[in-house]
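Have a look at the structure below, then the notes.
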Amino acid sequence: MRIMRKYAVVYRSVLMENLQYIGNIALGFVGYFILIFVFMNLWGYMYGEPGTRIAGYTKEQMIWYVMVTEMIWFGARTGAIVNQVTTDIRGGNIAYLMNKPYHYTLYILARHTGEWCIRLPMYALLAVAMGLTMVGRIPGFGIPALLSSATSVVLGVTINGVFKICISLMSFWIEDARPFQWLYDKLILIVGTLFPIEIFPAVVRPFFKLTPIYTVCYGPAKLVVDFHMEQYSEILLRQFLYLAVGIGLMFFIYGKGVKRLYVNGG
Amino acid sequence: MSTGDENNRQGIPGTAPGWNQLRVCVLSIKYNIMREMVNKVTFLTNICFMILNNGAFLVQWAILFRLKEDIGGYTFQEIMLLWGICASSYGLAHILFARAFALPELIINGKLDAYLVLPKNVLLGVMTSSTRTSAIGDLAYGLIVACLSGFSVKKMLLFLLFTVTGAVMVTAFAVLLGSLSFWFVRMEIFADQMVNVTISFATYPDGIFKGAVKVLLYFAIPTGMMVYQPVHIMTDFKWKGFFMVPCYAGMLSVAAVVVFYRGLRKYSSGNLMSARV
């Protein structure tokens, strides 16, 4: 626990720093609001008559699903995991940071957590406000579903952060890792965020369950719109497995990457 | 006999000032692209991955069209056309005028000084001072998708025209909103959000929206004239609608220029020592 104390200090300082910019974060609500509005119209058109189900989801469930996944998408979009890692590696700042008494990747993860801990609850409040006023309550959603989905969302956001750090660390080999971030983001966005997995052909569904999509956005959102205890256990197990593998991969890539570092003076 | 300074101010002797300004803009864009091409692997990766990135959205539409045959009155081909015009307009705007989208940052941080001392048009100088590499991928994607949605010479000529008008509209809209930073704080986030909103709406058919929203899409933000109207013209040609698009682009540009130069009177320098090489 003593080892983790320094990361808690980093987390706290970023949290305090971000509390100063709540107004700026709130201005980002416009983008979220418009996106959800577009999807409400789109699904309203697709469902047509009341009572229709698509891939087993009612219209209300489908809109809530998109609201939760987009909430994760917007809430977990922090500068630390993409911009900072890439800039540190490209600019050479990594040479100073790697000598500090912390592990660089965990330092970035602590910064990321400090950022989303402000953003995500704000987007969650907006999602709830929009959902209750524009869609209505989710049938069967109670305290157990709330607590389980909250745990799952936190784990999902952390897994996403770890994988995005892994991609950013590729800047050790290629100058700009952003194109790979785009592809990862699109995979998460198209397959897990805009639609639930059930909407895809049955042949590809087992494959999607093995990708980060299942643990980052589908799992948490599914627990919100259609909570089952058995599914919660399965999602939680997969999330812990994914987190362990992701952190291992992150340490491995970083270890390999720093060996390629050249110091050109300065 | 004129001094070197006078030559600079009047442009190259024997050439009209307008042509001279155009030549400076073209050279500026050319050097921006050459600078981006220094690292060829990164340059090509950015372009290719942006094409793939945009292509991923075709999966989204393929899934939706499995559920319904037409969405908002659009067929899959028309959606591809919608995406094509949107991507190529956005791409062209970010190849030629990428800095127009970062205008608030220049104003807030007092970084316009470097452009004010140049003996050329300030706004054009700012707008053409940077290029986004990935935008080349957007433009290429738009052209590919337009060809895939059904090729004909007439259609391609219209597509190219609407790519230009779309690029002008999105740039003018960014300049218009970005210029508000001369008067108000935090406009950089608002301007960025509004440009994103314009693009977000532009990738969905207008048939799914109703009532006041449709009016807003045509008059409050330029989405309607940027992509919806061009798609309608390309599928069902009407002269009236055809002339409306460039007129709208022209009016929006005039409004952006007027607001920028009005705001420039209020600009205060950041006393930053910087040089543009």
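As they're listed, the protein sequences go chains A and B. Going letter by letter, the first sequence gives residues 110 to 375 in the numbering used here. Going letter by letter, the second sequence gives residues 1416 to 1692 in the numbering used here. Ideal Cβ placement from N, Cα and C applies to all residues, glycine included.
Boundaries of the alpha helix (DSSP H) around residue 1628/B: 1627 to 1634.
Between residue 266/A and residue 225/A, the CB-CB gap stays under 9 Å.
Among the residues facing chain A, residue 1634/B is not included, as its CB has no counterpart in that chain under 9 Å away. Short of 6 Å from the beta carbon of residue 1587/B, and not among the five residues preceding or following it, lie these beta carbons of its own chain, in chain order: 1667, 1668, 1671.
According to the DSSP secondary-structure assignment, residue 1486/B is paired through a beta bridge with 1489/B. For residue 228/A, the uninterrupted alpha helix (DSSP H) segment begins and ends at 213 to 243.
Going by beta carbons, residue 1649/B and residue 1553/B fall outside the 9 Å limit.
DSSP, read as helix, strand or coil, puts residue 247/A in coil.
According to the DSSP assignment, residue 308/A belongs to no alpha helix (DSSP H), since it is labelled neither H nor E.
Taking a contact as a CB-CB distance under 8 Å, the pair residue 271/A and residue 352/A counts as one, their CB atoms being some 7 Å apart. For residue 1454/B, the closest of 1500/B, 1513/B, 1548/B by C-alpha to C-alpha distance is 1548/B.
Non-local C-beta neighbours of residue 1558/B in its own chain, meaning closer than 7 Å and more than five positions away in sequence, comprise 1503, ordered along the chain. With the criterion set as a beta carbon lying under 9 Å from some beta carbon of chain B, the members of the region 281 to 315 of chain A are 283, 284, 285, 287, 288, 289, 291, 292, 294, 295, 296, 298, 299, 300, 303, 304, 308, 309, 310, in sequence order.
Counting only Cβ-Cβ distances below 7 Å, residue 1619/B has contacts in chain A at 147, 151, in chain order. Within the model, the alpha-carbon separation for residue 1541/B versus residue 1527/B is close to 8 Å. Residue 130/A carries a coil assignment under DSSP once its states are collapsed to helix, strand and coil.
Chain A places no beta carbon closer than 9 Å to that of residue 1574/B, leaving this residue out of the contacts.
Contact check for residue 333/A against residue 222/A fails: the beta carbons are separated by 9 Å or more. Between the beta-carbon of residue 1637/B and that of residue 1585/B there is about 7 Å, and that keeps the pair under the 8 Å contact cut.
In the three-state reduction of the DSSP assignment, residue 190/A falls in the helix class.
DSSP places residue 294/A inside the alpha helix (DSSP H), whose first and last residues are 287 to 295. With distances taken between CA atoms, residue 133/A lies nearest to 1607/B out of 1581/B, 1645/B, 1498/B, 1607/B.
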